[in-house]
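Remarks on the structure that follows.
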Amino acid sequence: QVQLVESGGGLVQPGGSLRLSCTTSGTIFSFYSMGWYRQAPGKERELVARIISGGHTDYSDSVKGRFTISRDNIKNTVYLQMNSLKPEDTAVYYCNVYINSARNYWGQGTQVTVSS
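Under this note's numbering, residues 1086 to 1201 are what the sequence shown spells out, in order.
In structure tokens, the structure reads:
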């Protein structure tokens, strides 16, 4: 069983930065993707950024050039550096690790609010 613990959310002004962290409870030796999704009130959960096994990264068009996803294998942690934040980035952000269809794990979510 894999558990994901997220941290780093909070309130920030437009144009500001935050870094989200997601630490897994154990070492994951193989996975298909590790990444971040978000869900705003009244909207469906959407992909923000993910790392595909092998190192390829995917980003939502709305965050390209502003957000960066990275992974620290030694610390079993995935990061999401968010710069130039906008009010429309306000959402609950969820960490995800997808190993296969039977092993798809989610964190508890962390709130990010961008407001002046």
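Note that the Cβ used here is the ideal one computed from N, Cα and C, for glycine as well.
Item: Using the DSSP secondary-structure output, state which residues sit across from residue 1176 in a beta bridge.; Value: 1197
Item: Going by C-alpha distance, which of 1191, 1174, 1117 and 1163 is nearest residue 1146?; Value: 1174
Item: Give a yes or no on whether the C-beta atoms belonging to residue 1091 and residue 1192 are separated by under 7 Å.; Value: yes
Item: With a threshold of 6 Å on Cβ separation, who are the neighbours of residue 1170 within its own chain once the five nearest residues in sequence on each side are excluded?; Value: 1097, 1101 and 1199
Item: CA-CA distance, residue 1189 and residue 1088?; Value: 11 Å
Item: Looking at C-alpha atoms only, which residue of 1185, 1186, 1179 and 1187 is the closest neighbour of residue 1197?; Value: 1179
Item: Grouping DSSP H, G and I as helix and E and B as strand, with all else coil, what is residue 1187?; Value: coil
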